[in-house]
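J.: So the sequence shown is numbered by the numbering used here: it starts at 30 and just counts up by one.
All residues carry an ideal CB built from backbone N, CA and C; glycine is no exception.
Below you'll find the structure I mean.
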Amino acid sequence: MHHTFHIPVLGLGYSVDTPIKVAHFGISSVMSIVDDVMIERMRKHHTIASGEVFVPIHPAEDDFRARRITAYLNLVHRIVDKNFEDLKMQSFEDGAALNKYFQLLPEHSALKKQYVEMCQTPFAQEKQLLQATLKSQLTKGAIDVNIMSKVDKLNKDVFGENLADEFSDASAALRGFAQSTLSSSLVLSAGMNPRLYNYLESFADFYPEENGHFKKHIILKVSDFRSAFIQAKYLAKKGIWVSEFRIESGLNCGGHAFATDGFLLGPILEEFKTKKDEMLSELFALYQAALMTKNMDITTIPALRITVQGGIGTAQEDEFLLKHYQVDATGWGSPFLLVPEVTNVDEQTLQELTHADESDYYVSNSSPLGVLFNNFKRSSAEKQRLERIAKGRPGSPCKKKYLVSNTEFTAEPICTASRQYQNLKIKQIQSLGLTATEREEQINAVTEKLCLCEGLSTSTLIKHKLLTPRENHAVSICPGPNLAWFSKVYKLQEMVDHIYGRADLLADVPRPNMFINEIALYVAHYQKDMALSISRMDTKKQKYLEKFRAQLLQGIDYYKTLVPRLTHETESYREIMLQQLQAFEQKLREVKQAHIYA
């Protein structure tokens, strides 16, 4: 890849066709393949737009979910290939998209340097030779896909009979990708799902070819070294190689937030850096032994990339991560929500994002998965949730049922964001004889849950004019808190120029360093957990909170030693950062003292 950044998955629909928009420029991106209903509608849209004949795949058909996903991925593959071939056929005349391919590249790219040389060459024959050489080196960006491992409902057939495990939501999505024509990566997120991981063994594309290459790669999105190593060893023992660890900040990210036990991003990256070779050796030994049992032989350790994402906001931060931690690439997600050329954000939500401030972005308990979720107060879905509560009708109709999991009141699992569950749970709470304060707290915890199956796809359907008037138009969006400092609608060229330091979209914006922003989120998380636990503290919880606090303090000590290495920043910047670290130390001491004397 010629670029040093990728665009991570953004919700269910926000990046579902991003490869069509950027892959021919050599930029890699990730699509979610959770929502086959929305995917089928997008397949129809892009099929017709491409001049092909659309043949629907109906829910009553066998294996419809996997087949829908395969059909969509194959379509995206064809469109990207066509866009790429059309690009290569262009001349280097002013305004041509072919020029844009090279203009987007980082300045240190060998290909970019060759392009500049070609542009400056006055000799026609030499210019033509250089142009042919440039075209021969063009590569497409990856068309990667994401499966959130926890979204894995078991399903029934049309007669109500239980289907086999391979027809679960995550397994069907995996099969949809595995049977596609794509040669790209599957990004697995949200922790280990043994059923899904075991199913990977069924598909030849995940095993090395004779030349040692893989047609399909596995990427694990992780938030700490230990869990990454455990998951990779589990897969290696099955003959499945992890080609990349995609490290994401536990809290300073978009979407679902998997908070660590106080481990901060810098120390986590340091651990990956220092232990990578040792980890590679152990993984390869397990992998090689597993392949031998499958009559496969491999003698060379496959590549294993380390990338990082979550909260990166400036070219200086990006460069520091690449050089100091020796990561292979970085991920820039939420800022691209403000780039209409790249992502699917409806106009109303786009305007709300540009006018938002820090207070509009918050870590919530809105997700029915029971995992922390980065929410946006100005979203129309959040406004609708509050309106429904005010009208005495909390909860949402549950149509897609991807997140059904609760059997507290019903034999069949239902979603905790559904109207059915919330009505039943509120009635139970009201019958418990709680104080008014306790009752209000528990009811608020129930009604905080938000329908994500619909909401995270709606913006995409609005933008492409695929929603009918009677459908719910409320939009959920889950940007990371880092987006608070970006306040305009941008072009692709502007955002990429910002990433590579050719422009500064945050000039004169008083934004703290990404590591400081992450500490602030973790300290706030710790304070909230401490406050909620005081009235019902037990020994186990106390030990957990002490460990969490100790890890935060160790992380702060680590950053104190790191600050002098931020030589690309000014002396005053480094001094302010040290002061901020000392302030967090003091706050953690104050929180502990308040707990002791509570």
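Give me the residue from S165, F577, D115 with the minimum Cα distance to A553.
T.: For the purposes of this step, residue 553 is taken as residue 524 along the sequence shown, with counting starting at 1. That would be F577, whose Cα lies nearest to the Cα of A553.
J.: In whole angstroms, give me the CA-to-CA distance for G340 and E441.
T.: The residue you call residue 340 lines up with position 311 of the sequence shown. The residue you call residue 441 lines up with position 412 of the sequence shown. Cα to Cα, G340 sits roughly 39 angstroms from E441.
J.: Compare the C-alpha of A288 against each of A549, K73, K117, I563 and name the closest.
T.: On the sequence shown, position 259 is the one that residue 288 refers to. A288 has its Cα closest to that of A549, out of A549, K73, K117, I563.
J.: Terminal residues of the continuous beta strand (DSSP E) containing T359?
T.: Here residue 359 corresponds to residue number 330 of the sequence shown, with the count starting at 1. Here the beta strand (DSSP E) through T359 covers 358-360.
J.: Whole-angstrom Cβ separation of I506 and S408, contact assumed at under 8 angstroms?
T.: Locating residue 506 in the sequence shown gives position 477, where the first residue counts as 1. Locating residue 408 in the sequence shown gives position 379, where the first residue counts as 1. With 8 angstroms as the limit, I506 and S408 qualify as a contact, their Cβ atoms being about 5 angstroms apart.
J.: Could you pull out every residue in the same chain whose Cβ sits closer than 7 angstroms to the Cβ of F258, ignoring the five residues on either side in sequence?
T.: For this step, residue 258 is matched to residue 229 along the sequence shown. So the qualifying residues of the chain are M308.
J.: Go to K250, then tell me how far its alpha helix (DSSP H) extends in each direction, as first and last residue.
T.: In the sequence shown, residue 250 corresponds to position 221, counting from 1. Here K250 belongs to no alpha helix (DSSP H); instead the beta strand (DSSP E) covers 246-251.
J.: For E598, I'd like the list of residues in its chain whose CB is within less than 7 angstroms of its CB, leaving aside the five on either flank, ordered along the chain.
T.: For the purposes of this step, residue 598 is taken as residue 569 along the sequence shown, with counting starting at 1. Q345.
J.: In the segment 41-127, which residue ranges form an unbroken alpha helix (DSSP H) of at least 4 residues, counting only runs that do not cross its ends?
T.: With a minimum length of 4 residues, the continuous alpha helix (DSSP H) runs that stay inside the segment 41-127 are 47-51, 65-78, 93-118.
J.: From the DSSP output, in three-state form, read off Q208 for me.
T.: Taking the sequence shown and counting its residues from 1, the one referred to as residue 208 is at position 179. The answer is coil: DSSP assigns Q208 none of H, G, I, E or B.
J.: Do V374 and L366 count as a contact pair if the criterion is CB distance below 7 angstroms?
T.: Within the sequence shown, numbered from 1, the residue matching residue 366 stands at position 337. Within the sequence shown, numbered from 1, the residue matching residue 374 stands at position 345. Their beta carbons are under 7 angstroms apart, which means L366 touches V374 by this criterion.
J.: Would Y43 be called buried (16 or more neighbouring beta carbons within 10 Å of its own) or exposed?
T.: Position 14 of the sequence shown, counted from the start, is the residue given in the question as residue 43. Result: buried.
J.: Would you mind sorting Y626 into buried or exposed? The rule is 16 or more other CB atoms within 10 Å of its CB.
T.: To locate residue 626, count along the sequence shown from 1; it is residue 597. At Y626, the pLDDT of 43 sits below 50, so the modelled position is not reliable and the matter cannot be decided from this model.
J.: Helix, strand or coil for N240, going by three-state DSSP, please let me know.
T.: Against the sequence shown, residue 240 aligns to sequence position 211. Correct three-state label for N240: coil.
J.: Please go through the segment 544-589 and give each complete beta strand (DSSP E) segment of 3 or more residues, from N-terminal end onward.
T.: Those beta strand (DSSP E) runs which fall completely within the segment 544-589 and span 3+ residues do not exist here.
J.: Can you grab the Cα-Cα spacing for the pair R224 / D194, in whole Å?
T.: What you label residue 224 is simply residue 195 of the sequence shown in a count that begins at 1. What you label residue 194 is simply residue 165 of the sequence shown in a count that begins at 1. Their backbone Cα atoms lie some 8 angstroms apart in a straight line.
J.: Measure the beta-carbon distance from M67 to L490 and round it to whole angstroms, keeping in mind my assumption that it falls under 8 angstroms.
T.: Working through the sequence shown from its first residue, we reach residue 67 at position 38. Working through the sequence shown from its first residue, we reach residue 490 at position 461. That belief holds up - the Cβ atoms of M67 and L490 are roughly 7 angstroms apart, short of 8 angstroms.
J.: Using 8 angstroms as the cut-off, can you tell me whether the segment 295-306 makes contact with the segment 516-525, which would need three or more C-beta pairs spanning the two stretches below that distance?
T.: As far as the Cβ criterion goes, the segment 295-306 does not touch the segment 516-525, which means the pair count is below three.
J.: Considering Q338, what are the terminal residues of the alpha helix (DSSP H) in which it resides?
T.: As a first step, residue 338 is located in the sequence shown; it is residue number 309 there, counting from the start. No alpha helix (DSSP H) contains Q338, which is instead part of the beta strand (DSSP E) from 334-338.
J.: Which whole-angstrom value describes the C-beta separation of S218 and A171, a residue pair presumed to lie in contact below a C-beta threshold of 8 angstroms?
T.: As a working mapping, residue 218 is identified with position 189 in the sequence shown. As a working mapping, residue 171 is identified with position 142 in the sequence shown. About 16 angstroms separates the two Cβ atoms, so there is no contact after all.
J.: What would DSSP say about K141, mapped onto helix, strand or coil?
T.: Your numbering for residue 141 matches position 112 in the sequence shown. Looking at K141 - three-state DSSP - the assignment turns out to be helix.
J.: When DSSP labels each residue in this structure, what does N222 get in the three-state scheme?
T.: Position 193 of the sequence shown, counted from the first residue, corresponds to residue 222. Coil, per DSSP.
J.: Do E273 and I248 count as a contact pair if the criterion is CB distance below 7 angstroms?
T.: Looking up residue 248 in the sequence shown gives position 219. Looking up residue 273 in the sequence shown gives position 244. Yes; because the gap between Cβ atoms is below 7 angstroms, this pair is in contact.
J.: The alpha helix (DSSP H) that contains N473, what's its start and end?
T.: Start at 1 with the first residue of the sequence shown, and residue 473 comes out as number 444. That run of the alpha helix (DSSP H) goes 465-476.
J.: Would you give the residue range spanned by the beta strand (DSSP E) that S393 belongs to?
T.: In the sequence shown, residue 393 corresponds to position 364, counting from 1. Run containing S393: 390-393, per the beta strand (DSSP E) assignment.
J.: Return the CA-CA distance between W270 and R255, expressed in angstroms with no decimal places.
T.: Locating residue 270 in the sequence shown gives position 241, counting from the first residue. Locating residue 255 in the sequence shown gives position 226, counting from the first residue. Each residue's Cα considered, the two are about 17 angstroms apart.
J.: Nearest by alpha-carbon distance to L163: which of S388, I443, M118, V187 is it?
T.: Position 134 of the sequence shown holds residue 163. Measuring from the Cα of L163, the nearest candidate turns out to be M118.
J.: Look up A286 in the DSSP assignment and give the residues it is bridged to.
T.: Along the sequence shown, read from residue 1 onward, the residue named residue 286 stands at position 257. Beta-bridge pairing links A286 to L401.
J.: Just to check my reading of the structure: R468 and Q457 have Cβ atoms closer than 8 angstroms, yes? What is that Cβ distance to the nearest angstrom?
T.: Residue 468 sits at position 439 when you count from the first residue of the sequence shown. Residue 457 sits at position 428 when you count from the first residue of the sequence shown. At roughly 11 angstroms, the Cβ-Cβ gap does not stay under 8 angstroms, so R468 and Q457 are not in contact.
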